[in-house]
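Remarks on the structure that follows.
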Amino acid sequence: MILSSPIILDIPQETLPATILRRCLEFHAEDPNRKAFIPSEDERNPISFKQLYDYSMALSSWFIENGFQKGDIILLYMTNCWQFVACCLGAWSAGLIVSPASSSFTEYELQYQLEDSGAKMVITRGALLSRTKAACKNHGAVKIACTTADDNDVLDLMKIFTTPRSTPQAPVRIDMERDLVCLPYSSGTSGVPKGVMISHKNYAMMLSAFVRKQDDDYKSLGFEKYDPPTHALAHLPFYHVMGLFGMLVALYHGTTQIIMDKFDLKILLRNIQNYKLTTVAVVPAMALMIADSPLLDDYDLSSLKIIACGAAPLGTAIVDRLLERLPGIIFRQGYGMTELSVASHIGSLDTPEGSVGKLMPGTKMKVVAEDGRLCGPYENGEMWISGPQVMMGYWKKPEQTRETYDSDGFMRTGDIVYYDKDGFTFICDRQKELIKVNGKQVSPSEIESVLLAIPGITDCCVIGVPDKKFGEIPMAYVVSKVVTEEQISAFVNERLAPYKRLRGGVKFVDEIPRTSTGKLLRRELKDRHLKSMEVRYRSRI
425 MILSSPIILD IPQETLPATI LRRCLEFHAE DPNRKAFIPS EDERNPISFK QLYDYSMALS
485 SWFIENGFQK GDIILLYMTN CWQFVACCLG AWSAGLIVSP ASSSFTEYEL QYQLEDSGAK
545 MVITRGALLS RTKAACKNHG AVKIACTTAD DNDVLDLMKI FTTPRSTPQA PVRIDMERDL
605 VCLPYSSGTS GVPKGVMISH KNYAMMLSAF VRKQDDDYKS LGFEKYDPPT HALAHLPFYH
665 VMGLFGMLVA LYHGTTQIIM DKFDLKILLR NIQNYKLTTV AVVPAMALMI ADSPLLDDYD
725 LSSLKIIACG AAPLGTAIVD RLLERLPGII FRQGYGMTEL SVASHIGSLD TPEGSVGKLM
785 PGTKMKVVAE DGRLCGPYEN GEMWISGPQV MMGYWKKPEQ TRETYDSDGF MRTGDIVYYD
845 KDGFTFICDR QKELIKVNGK QVSPSEIESV LLAIPGITDC CVIGVPDKKF GEIPMAYVVS
905 KVVTEEQISA FVNERLAPYK RLRGGVKFVD EIPRTSTGKL LRRELKDRHL KSMEVRYRSR
965 I
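Here the sequence shown is numbered in my numbering, starting from 425 and rising by one per residue.
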């Protein structure tokens, strides 16, 4: 059985960046003092919708004046800030592609994305400038711009934003179906991070789908249409699809967003209290931190009505603990992945506990059993998705792209799910090999490739092990007689972002289990670890 959303969407005639910029001018016309962003660390310097528009268009003109061509790639290596948003809108208006990189990336990881994407320019912030320079040192043609430039080798982003342009920029013609808007990188079971090709159509359709879904939810409660909040938090990383698209939807609605450049529970709670926020988005680790923190008693959180969770399933145990601390809170979950632009499912007020909701408008789903047949309600199988949010494919990886789709155009997710008689979907198991650390995808193979670069390690296998705080953390099984755990950790820590490090430890073994064809039996090692945990637990009883 193939499930389909009953809502059919027309293809928008306007790109997402054109829509957002048009809305900025409309909000300015309504109220010239209306704020788009308030930096949480510097509330005295907010950015108005008109400033955001002007800075975006100034950057767009600068790109064109300086020889950038439609389809060129700009890599954004920044923590959350309003400049990130202006860079996106400016690049998109010039027909360029934005490739966001995690602000926690090491030089090694940043260099990989820079080389693989072929980016012509990296835009960064002062605290990340030295790492950016190191990653670009062998790429002399790559330009670097920084929010706080202090030398001649780096372009001053603020100067670009504020320098008047002599001639207005002519609109760049965009092919919604074929032109890319974004190139985020997603870790995969192949080990090497892959560029995910997101088209202008993907983003325009997703914006339309979210707006339609919000209106329908409010109409079901008796309202005429969605009534957006006056303020919202922008604390989830913009380099991640959940943080980026959540920010763009709020921008579309004219909501003033308080930007947090990094997660800090005390500041988050203070902002909820001071701005009387009604909704906050979290990943499971944040939810757990909120549930366990004594800080909740120090703030008035009575305005908070909804906690929206994404990036990874929110366990019922965490929900129960949160309800103890925040009685009456409504939890909404969704399902998405980088390859789905942002989401294929989103919860509503009537969504059963534990479900990620129903299909987004315009979306189809099939659940496929191991023998290839289509599953019915309450049968577990792998979820396949077709719809306007499905990526165009993997950047420069045609073979892996072909392997991801079936003959009907459905994209495999690798996740095991079931749906009930009403069409609500429940996630049973995460992708079989990816490790989800605090909502971020970690490829075991990527870590293994780093481990195998250590002299003295002859074989290895990385698995995800349960962790109370992060959900899962990486652990390595290693074959070596000469390398110590401390040496391994130091080597990995130098090359990989903190969330990819071996927080689960290193276990030395004589042999790594493999199939006859050499494929790692990762599941066997994971089962072995879980059994050892069970034995240790019983020994303490």
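Using N, Cα and C, we set each Cβ at its ideal position, and we do this for glycine too. This structure is a prediction, so every number in the text was calculated from the model and none was measured.
Within the continuous beta strand (DSSP E) that includes W808, where are the two ends? To locate residue 808, count along the sequence shown from 1; it is residue 384. W808 -> beta strand (DSSP E) spans G805 to S810.
I'd like the list of long-range same chain contacts for G542, defined as Cβ closer than 8 Å, with 5 residues on each side in sequence excluded. Within the sequence shown, residue 542 is the residue found at index 118, counting from 1. Hits under 8 Å: I497.
Is D603 buried or exposed, if buried means 16 or more other CB atoms sit within 10 Å of its CB? Indexing the sequence shown from 1 puts residue 603 at position 179. Burial call: buried.
Suppose only complete runs of 3+ residues qualify. What are the beta strand (DSSP E) ranges in the stretch 474-531, listed by chain order? With a minimum length of 3 residues, the continuous beta strand (DSSP E) runs that stay inside the stretch 474-531 are 497-501 and 521-524.
Give the range of the beta strand (DSSP E) segment to which K459 is assigned. Within the sequence shown, numbered from 1, the residue matching residue 459 stands at position 35. Element bounds for K459: K459 to P463.
Could you tell me the alpha carbon to alpha carbon distance between K561 and A525, rounded to whole angstroms? Here residue 561 corresponds to residue number 137 of the sequence shown, with the count starting at 1. Here residue 525 corresponds to residue number 101 of the sequence shown, with the count starting at 1. Spanning the two alpha carbons is a distance of roughly 18 Å.
Consult DSSP for L657 and reduce its assignment to one of helix, strand or coil. If you number the sequence shown from 1, residue 657 lands on position 233. It is a strand residue.
Ends of the alpha helix (DSSP H) at M630? Start at 1 with the first residue of the sequence shown, and residue 630 comes out as number 206. Counting along the chain, the alpha helix (DSSP H) containing M630 begins and ends at H624 to K643.
Looking at the structure shown, is Q437 part of a helix, part of a strand, or coil, going by DSSP? Taking the sequence shown and counting its residues from 1, one reaches residue 437 at position 13. Of the three classes helix, strand and coil, the one that applies to Q437 here is coil, per DSSP.
For T613, which residues in the same chain have their Cβ closer than 6 Å to its Cβ, ignoring the five residues on either side in sequence? Taking the first residue of the sequence shown as position 1, residue 613 is located at position 189. Residue confidence for T613 is low, a pLDDT of 48 falling below 50, so the modelled location carries little weight; the figure read from the coordinates is stated next. Cβ within range, chain order: E857.
Buried or exposed: where does A569 fall if 16 or more other Cβ atoms within 10 Å of its Cβ makes it buried? Within the sequence shown, the letter at position 145 stands for residue 569. Buried, since its Cβ has 16 or more Cβ neighbours within 10 Å.
Does Y802 pass the burial test, meaning 16 or more other C-beta atoms within 10 Å, or should it be called exposed? On the sequence shown, residue 802 is found 378 positions in, with the first residue counted as 1. By the neighbour-count rule (16 or more Cβ atoms within 10 Å), Y802 is not buried but exposed.
By DSSP, does S541 sit in helix, in strand, or in coil? The residue given as residue 541 occupies position 117 in the sequence shown. S541 falls in the helix class under three-state DSSP.
Which whole-angstrom value describes the C-beta separation of H769 and T837, a residue pair presumed to lie in contact below a C-beta threshold of 8 Å? Counting from one through the sequence shown, the residue named residue 769 turns up at place 345. Counting from one through the sequence shown, the residue named residue 837 turns up at place 413. Rounded, the Cβ-Cβ distance is 11 Å, inconsistent with contact.
Could you compute how far the alpha carbon of T941 sits from the alpha carbon of L675? Here the question's residue 941 lines up with position 517 in the sequence shown. Here the question's residue 675 lines up with position 251 in the sequence shown. Per-residue confidence for T941 stands at a pLDDT of 47, beneath the threshold of 50, marking its modelled position as unreliable; the derived number appears in the next sentence. Distance between the alpha carbons of T941 and L675: 51 Å.
Which partner residues does K557 have in the DSSP bridge list? For this step, residue 557 is matched to residue 133 along the sequence shown. K557 is not bridged to any residue.
Taking the Cβ atom as the reference point for each residue, do V766 and M666 lie within a distance shorter than 8 Å? As a working mapping, residue 766 is identified with position 342 in the sequence shown. As a working mapping, residue 666 is identified with position 242 in the sequence shown. Yes.
Whose CA, out of D641, S873 and E763, lies closest to the CA of D774? Translated into positions along the sequence shown, residue 774 becomes position 350. For the residues D641, S873 and E763, the minimum Cα distance to D774 belongs to D641.
Who are the Cβ neighbours of S472 in its own chain at under 8 Å, not counting the five residues just before and after it? As a first step, residue 472 must be located in the sequence shown, where it is residue number 48. Same-chain partners within the cutoff: H452, P456, N457, R458, K459 and A460.
Return the chain-ordered list of same chain residues with a C-beta closer than 7 Å to the C-beta of K700, the five sequence neighbours on each side being excluded. Within the sequence shown, the letter at position 276 stands for residue 700. For K700, where only same-chain residues beyond five positions count, the Cβ hits under 7 Å are S727.
Any idea if E489 is buried or exposed, counting beta-carbon neighbours within 10 angstroms, 16 or more meaning buried? If you number the sequence shown from 1, residue 489 lands on position 65. It is exposed - the Cβ of E489 has fewer than 16 other Cβ atoms within 10 Å.
Whose CA, out of R636, Q681 and P718, lies closest to the CA of A656? By one-based count along the sequence shown, residue 656 stands at place 232. Of R636, Q681 and P718, the residue nearest in Cα terms is Q681.
DSSP on L701, reduced to helix/strand/coil? Along the sequence shown, one-based indexing puts residue 701 at 277. It is coil, neither helix nor strand.
In terms of DSSP beta bridges, what is Y818 paired with? As a working note, residue 818 is residue 394 in the sequence shown. Note: Y818 sits in a beta bridge opposite V620.
Just reading off the alpha helix (DSSP H) that A569 is part of, what are its end residues? Translated into the one-based positions of the sequence shown, residue 569 becomes position 145. Not the alpha helix (DSSP H): A569 falls in the beta strand (DSSP E), residues K567 to C570.
Rounded straight-line distance, which links the Cα of F915 to that of V830: The sequence position of residue 830 within the sequence shown is 406, counting from 1. The sequence position of residue 915 within the sequence shown is 491, counting from 1. It should be noted that the sequence gives Asp, not Val, for residue 830. Roughly 40 Å between the two C-alpha positions.
Look at the Cβ atom of V742, then the Cβ atom of A711, and state whether they are nearer than 8 Å. Here residue 742 is taken as the residue at index 318 of the sequence shown, counted from 1. Here residue 711 is taken as the residue at index 287 of the sequence shown, counted from 1. Here residue 742 turns out to be Ile, not Val, going by the sequence shown. Cβ atoms of I742 and A711: closer than 8 Å.
Decide if M957 is buried, meaning its Cβ has at least 16 other Cβ atoms within 10 Å, or exposed. As a first step, residue 957 is located in the sequence shown; it is residue number 533 there, counting from the start. M957 comes out exposed.
Compute the beta-carbon to beta-carbon distance between R946 and C885, rounded to the nearest angstrom, for a pair I have assumed lies under 8 Å. Against the sequence shown, residue 946 aligns to sequence position 522. Against the sequence shown, residue 885 aligns to sequence position 461. Right, their Cβ atoms sit about 6 Å apart.
Counting C-beta neighbours from all protein chains within 10 Å, is the total for A565 16 or more, i.e. buried, or is it exposed? Position 141 of the sequence shown, counting from 1, holds the residue named residue 565. With fewer than 16 other Cβ atoms within 10 Å, it is exposed.
Considering only the beta carbon of each residue, do S517 and V596 sit closer than 8 Å? Locating residue 517 in the sequence shown gives position 93, where the first residue counts as 1. Locating residue 596 in the sequence shown gives position 172, where the first residue counts as 1. Result yes, Cβ atoms of S517 and V596 sit closer than 8 Å.
Going by beta carbon distance, what residues of the same chain come within less than 7 Å of E883, once the five residues before and after it are set aside? Indexing the sequence shown from 1 puts residue 883 at position 459. The sequence as given places Asp at residue 883; Glu does not occur at that position. Counting only Cβ-Cβ distances below 7 Å, and skipping sequence neighbours, we find V903 and I936.
Host beta strand (DSSP E) of S428 (start-end): The count along the sequence shown starts at 1 and reaches residue 428 at position 4. Judged by DSSP secondary structure, S428 falls within the beta strand (DSSP E) whose first and last residues are I426 to S428.
Run through DSSP, which three-state label would T941 get? Mapped onto the sequence shown, residue 941 falls at position 517. Note that T941 scores 47 on pLDDT, short of 50, meaning its location in the model is unreliable; the coordinates nonetheless yield the value given after this. Coil, per DSSP.
Here's a check: name, in chain order, each residue in its chain whose Cβ is nearer than 6 Å to the Cβ of P441, leaving out the five neighbours to either side. For the purposes of this step, residue 441 is identified with residue 17 of the sequence shown, where counting begins at 1. Take P441, set aside five residues on each side of it, and the residues of its chain with a beta-carbon closer than 6 Å to its own are L513, W516 and S517, in chain order.
Would you mind stating whether M899 and L926 have Cβ atoms separated by less than 8 Å? Stepping through the sequence shown from its first residue, residue 899 is reached at position 475. Stepping through the sequence shown from its first residue, residue 926 is reached at position 502. A contact, by the Cβ cut-off of 8 Å.
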